[in-house]
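The block underneath contains the structure these notes are about, expressed in structure tokens.
In my numbering, the protein residues as written are 3 to 455.
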């Protein structure tokens, strides 16, 4: 992007502020290919015993509470009941403060098949910590740590799980055509076992000993929007994240920005030519969201992009919802609809919307009553989803039918602090959980919404 174009993008004040040396990015979809088979591993340890739903709840369980479900014995109720548990940590959390799209993410949570959780948080000294939570949402055992300067996401399976994190990389000495030098980092999947110990690690950017960030063809992590998410089909893991794109321009290079989706096998190898993966999808892009759909056998992705200023499916571009480039366009989360298709939450001008789509353009739009610039969405048991957003010092929440989009019950409050870029996670027993800032930098609050009957 030349100087005139650069000033134009600054003027429109996009949701993310990009430092661009030049150019606009183009998509480069890859061809279809095989998916690697799963590898065997030890079965997970049994979770700690069930915790009573009254442990720091927002209110008493309503009449009509049903029998406990799942390995953790979390009982369903006629309306949502919340439970807040404060977890004491052996290492402090970095990044409780700012919530900008280029700031470090403080924490993430993953739902284990046994009903417990993996809790990851960003510590000091270039470390990402990982701890196991029991049914009572409290730490069990001793957390482990991995090298990482920024945490993105964590996902779990019966053999352990995967972290998505950023590590330091090298820019090299090729001159930029414009702009200032910045870090050239790398994105990695880190596979861990049921004890939280390293199994393998795989870079999903493409820097090597022979390719630095300022070399032509590099895909790396710069300071601007680069957050990512994970999804899994049970045999492979997909990482979808913002990425910097280096392109030679004569004797110097231009740096562009887009997003990238890579799939890694259970053994830690990149799945070459995976039909849902792409080198570059949306450009310029932010709020990359991904979900696995077992009904179609595909990973599904959506982004917010300044390409026609919309919520879109990448590689190739397909519009889900049209927006405007006024600096308020934000993509929330992506979940499976009850029978067919998907729901995604997004906001424009401080108003949250829900869009249902199958292949591309939305066929149902729900303009919600949520006044927010950063909505969250998560599956909530069978046939429901939960929309949440910041409401003062707490989180407001509303359940919806994931088939019709109609509201289910009344709005309620979760007594925890919201973060613009932290995700709620769904559990097999119908509950959801969210990691929030604790009372100190040495604690994290686990906000759990118990199942509905």
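Glycine included, each C-beta is placed from N, C-alpha and C at the ideal position.
These numbers come from a predicted model, not from an experiment.
- For residue 450, the three-state secondary structure derived from DSSP is strand.
- Per DSSP, residue 101 has no beta-bridge partner at all.
- Your pair residue 399 and residue 413 checks out as a contact, with CB atoms roughly 7 Å apart and the cut at 8 Å.
- Judged by DSSP secondary structure, residue 346 falls within the beta strand (DSSP E) whose first and last residues are 344-350.
- Counted as a single uninterrupted DSSP element, the beta strand (DSSP E) harbouring residue 131 occupies residues 129-135.
- Residue 291 sits away from residue 262, with the two beta carbons spaced by 9 Å or more.
- Beta bridge pairing from DSSP links residue 222 with 246.
- Close CB contacts of residue 338 within its chain, under the 7 Å cut and outside five residues either way in sequence, are with 293, 295, 344 and 381 (chain order).
- Following the DSSP letters along the chain, one finds residue 291 inside the beta strand (DSSP E) bounded by residues 287-295.
- Contact between residue 229 and residue 365 does not hold, since the beta-carbon distance rounds to 28 Å and is not under 8 Å.
- Under the 10 Å beta carbon count, residue 215 is surrounded by 16 or more other beta carbons and is classified as buried.
- Per DSSP, reduced to three states, the secondary structure at residue 162 is strand.
- About 4 Å separates the CB atoms of residue 124 and residue 153; that is less than 8 Å, so the two are in contact.
- In terms of Cα proximity to residue 363, the closest of 346, 320 and 236 is 320.
- In the structure shown, the three-state DSSP call for residue 392 is strand.
- As the crow flies, the alpha-carbon of residue 275 is around 21 Å from that of residue 193.
- CA-to-CA, the gap between residue 372 and residue 420 works out to about 14 Å.
- The alpha carbon of residue 232 has as its nearest neighbour, out of 156, 330 and 211, the alpha carbon of 156.
- Contact between residue 374 and residue 352 holds: CB atoms are separated by about 7 Å, below the 8 Å threshold.
- In the displayed model, residue 119 falls within a strand according to three-state DSSP.
- Boundaries of the beta strand (DSSP E) around residue 313: 312-315.
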